[in-house]
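Please read the structure below before turning to the comments.
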Amino acid sequence: MDRRQTSATTLGVLGLICVFMLVFGLTQATKGFPKSSFGGSTPVCVDKTIPKGSKVRTGDITVSVFNAGQRSGLASKTMEQLIVRGFGPGDSGNARRSGVKRVEVRAAQQDTAARLVAAQFGAGTRVVTDKELLGVGIVVVVGDDFKALIKKSPRKMKAAEDTRVCTPPLD
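So the sequence shown is numbered by this note's numbering: it starts at 459 and just counts up by one.
Below, the structure is given as structure tokens:
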């Protein structure tokens, strides 16, 4: 094969590769997003009742974390720490004028799930049921005086009552 034939063959092969990549790229670009992205139909959590006497585990609970202070990133940092401990991620953001100095756990009812979340923040952490739930699951509102989760906290508790939780869905 002389030099001209080699060049023509090389250009032909490169042209075919370019056409293939163009078709592949257009196919991928027009495929759309998966259902779970951008407001898809997969819920953040699913309601489940854990019977009295059973164990409520961190993996059974979805938490939402909101920042009531001026420190930037406090809610997301706290959410990351809770996820490491096994909790399912819910909503996150800023809480408007909540008056929370350190931490407040908000729940629909005083139950084992709410107490397990509160236990991550140490003794004296209040669980309140009379305030707005800003997100799904158990809601944690952190303020500027909050530093970190306590080092040794339970990962499960025996349910003292039937406990309704918003649990992360199975994939």
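The beta-carbon is built from N, C-alpha and C at its ideal position, and this holds for glycine as well.
Q: Compare the C-alpha of serine 534 against each of Met459, Arg613, Ser512, Ser550 and name the closest.
A: Ser550
Q | proline 501 burial status per 10 Å Cβ neighbour count (16 or more: buried) | A | exposed
(Q) What residue range does the alpha helix (DSSP H) around phenylalanine 482 cover? (A) 461-487
Q) Is the shortest distance between the beta-carbon of lysine 610 and the beta-carbons of chain C less than 7 Å? A) Reference to chain C is not applicable here, since this structure consists of a single protein chain.
Q: Determine the burial state of methionine 537: buried for a count of at least 16 other Cβ atoms within 10 Å of its Cβ, exposed for fewer.
A: buried
**Q.** Own chain partners of arginine 622 with C-beta closer than 6 Å, once the 5 adjacent residues on each side are dropped
**A.** Thr507
**Q.** Contiguous beta strand (DSSP E) assignments of at least 3 residues, all confined to the stretch 530-613
**A.** 546-552, 561-564, 596-600
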